[in-house]
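Heads up: the structure comes next, in structure tokens.
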Ligand SMILES: Nc1ncnc2c1ncn2[C@@H]1O[C@H](COP(=O)(O)OP(=O)(O)OP(=O)(O)O)[C@@H](O)[C@H]1O
Ligand SMILES: [Mg+2]
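Residue numbers (my numbering): 417 to 856.
Take a look at the structure:
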């Protein structure tokens, strides 16, 4: 109670720290800070440049917490030179001295633009429309997922375990929702897709003392956390997998709101429990990956299954293995478009050597193939960009084999066939079987 009162009294004040003047958001009449299970989090803006920060003070600011906070700050997880795309950018980087009697110290962090996934998810649940009109597309949600995998990868490289990756501790930016600092620095579309972890209070690293072991967050905790064992490298992989699955599934337009939201990770059975689609039924279906993920993103579904079925933390799929499939959702690989040709060789398909050949050179505008030895009832022509196509003559049919395919495709009168290397024109009605090749 005292901490809350003192925290309210701090609102609207400016504190000097190193070369920053941190103006704490709000005024003493109304609490504006975020209040969680471990402490209170203020928003503060540097009056010199408008940059936003967060100050966290704790309900129980004991000596162990102070030493753990000192140690965490010294690790320098956040990259202060990067204002964007720093997935560990919400880690504390400074220790503030006493701000009030019940705040013997506080930690200082960069403000991560956006909102916690918990808040954003709650907004989606409350919206009458599914997906809400403002809900970010899967490319943005996959960018968050990619950021989360990167965060876990970078922490593992430093042998650091966050140990409480959960919806309240992942801040995501959709370009719309988020904090407005004292000087009104707002989110913009450019920031959509950014994310970062916050709340490193449960971390495990090297010689740092271990905090009292909690059970983690229900629905997201790894088995060892849930059973109050010491978290280790690989612990973060479980919560990461569950959250990535949520990012991708929630908002998919091919399922309904209940299918997107009414499921949870069951800590006891290590499966996902889905409510039956029949509203009157109490039946629960247990699955190892959400059906939508299995149907649309099978590689990710496998990673989820392998994570929750693994017997040890270190045999859960590594964060690196998530990055490729997620990048493919952010930036779908374009199927290798056939290269357009501007010069062409036609070659008779025959056992005899040499086969009959004819070149269609860059300078040529048109060639009627029925007037050549090939006797094919089509003409080679050019598009406005110079690429070559085949125009099938009136009353004729052309049978074409596409490279890599065993089927032939029939083209009738007037058809335009874009020419690519390797096409085979199947001989019929007195025409030669012909292969189309690039310039020789
Ligand atoms: N660096 C930060 N940048 C932006 N938002 C932050 C930051 N740190 C904390 N927050 C916000 O404050 C909320 C509470 O912070 P935090 O998780 O550290 O407190 P907590 O007491 O551990 O709360 P909880 O019990 O909900 O986990 C977060 O969910 C997030 O919305
Ligand atoms: Mg938290």
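The beta carbon of each residue, even a glycine, is placed where N, CA and C say it ideally should be.
Backbone CA spacing between residue i and residue j [nearest angstrom]
i: residue 832; j: residue 794; result: 10 Å
i: residue 642; j: residue 824; result: 59 Å
i: residue 716; j: residue 741; result: 7 Å
i: residue 438; j: residue 425; result: 15 Å
i: residue 798; j: residue 745; result: 36 Å
i: residue 721; j: residue 706; result: 10 Å
i: residue 649; j: residue 538; result: 31 Å
i: residue 581; j: residue 636; result: 7 Å
i: residue 560; j: residue 532; result: 12 Å
i: residue 645; j: residue 819; result: 58 Å
i: residue 469; j: residue 492; result: 16 Å
i: residue 726; j: residue 628; result: 26 Å
i: residue 481; j: residue 551; result: 38 Å
i: residue 848; j: residue 770; result: 15 Å
i: residue 791; j: residue 712; result: 48 Å
i: residue 516; j: residue 616; result: 23 Å
i: residue 591; j: residue 786; result: 60 Å
i: residue 577; j: residue 447; result: 32 Å
i: residue 567; j: residue 420; result: 32 Å
i: residue 709; j: residue 675; result: 12 Å
i: residue 477; j: residue 618; result: 14 Å
i: residue 610; j: residue 677; result: 23 Å
i: residue 854; j: residue 810; result: 27 Å
i: residue 783; j: residue 846; result: 18 Å
i: residue 521; j: residue 736; result: 37 Å
i: residue 659; j: residue 583; result: 8 Å
i: residue 692; j: residue 549; result: 26 Å
i: residue 699; j: residue 673; result: 18 Å
i: residue 484; j: residue 625; result: 7 Å
i: residue 651; j: residue 670; result: 32 Å
i: residue 631; j: residue 579; result: 10 Å
i: residue 801; j: residue 608; result: 37 Å
Min CB distance residue i to chain C below 8 Å
i: residue 691; result: Among the protein chains of the structure shown there is no chain C, as only one such chain exists.
Residue closest to residue i, alpha-carbon to alpha-carbon, out of the options
i: residue 500; options: 588, 714, 773, 718; result: 588
i: residue 621; options: 486, 703, 733; result: 486
i: residue 423; options: 455, 770, 508, 712; result: 455
i: residue 449; options: 428, 463, 763, 828; result: 428
i: residue 759; options: 624, 836, 646, 579; result: 836
i: residue 363; options: 855, 817, 834, 783; result: Any question about residue 363 goes unanswered here, given that the chain covers just 417 to 856.
i: residue 431; options: 513, 484, 505, 502; result: 513
i: residue 564; options: 626, 613, 636, 580; result: 613
i: residue 774; options: 768, 782, 764; result: 764
i: residue 702; options: 712, 694, 686, 789; result: 686
i: residue 704; options: 692, 694, 682; result: 682
i: residue 461; options: 853, 446, 524; result: 524
i: residue 570; options: 534, 505, 549; result: 505
i: residue 661; options: 805, 781, 562, 821; result: 562
i: residue 654; options: 540, 688, 526; result: 688
i: residue 452; options: 436, 467, 463, 474; result: 474
i: residue 540; options: 658, 572, 667, 607; result: 667
i: residue 803; options: 822, 821, 780, 445; result: 780
i: residue 664; options: 435, 558, 724; result: 558
i: residue 435; options: 418, 464, 574, 444; result: 464
i: residue 747; options: 827, 529, 472, 554; result: 554
i: residue 714; options: 734, 730, 694, 738; result: 738
i: residue 680; options: 593, 579, 657, 805; result: 657
i: residue 828; options: 777, 806, 840; result: 806
i: residue 593; options: 546, 839, 640, 536; result: 536
For residue i: DSSP bridge partner residues
i: residue 824; result: 817
i: residue 682; result: 687
i: residue 805; result: 797, 834
i: residue 576; result: 621
i: residue 436; result: 433
i: residue 790; result: DSSP, once it has assigned bridges, lists no residue as partnering residue 790.
i: residue 473; result: 456
i: residue 587; result: 532, 612
i: residue 850; result: 764, 841
Residue i Cβ short of 7 Å to ligand 3 heavy atom set
i: residue 631; result: For the structure depicted, ligand 3 is absent and the ligand set comprises only ligand 1 and ligand 2.
Identify every run of the beta strand (DSSP E) within the region 727-788, keeping only runs that are complete inside it and at least 3 residues long; order them along the chain.
The region 727-788 contains these whole beta strand (DSSP E) runs: 760-764, 773-776.
Please list the segments of the beta strand (DSSP E) lying wholly inside the region 441-469, counting only runs of 3 or more residues, in order along the chain.
Complete beta strand (DSSP E) runs here, min 3: 455-462.
What beta strand (DSSP E) runs, 3 residues minimum, are completely inside the region 611-669?
Inside the region 611-669, DSSP marks whole beta strand (DSSP E) runs of 3 or more residues at positions 611-613, from first to last along the chain.
Please go through the region 510-548 and give each complete alpha helix (DSSP H) segment of 4 or more residues, from N-terminal end onward.
533-542, all fully within the region 510-548.
Going along the chain, which residues put their C-beta within less than 6 Å of some heavy atom in ligand 2?
Taking every residue with its beta carbon within less than 6 Å of a heavy atom belonging to ligand 2 gives, in chain order, 452, 584, 585, 615.
What are the complete beta strand (DSSP E) segments, minimum 3 residues, inside the region 696-730?
Entirely contained in the region 696-730, the beta strand (DSSP E) runs reaching 3 residues are, in chain order, 700-703.
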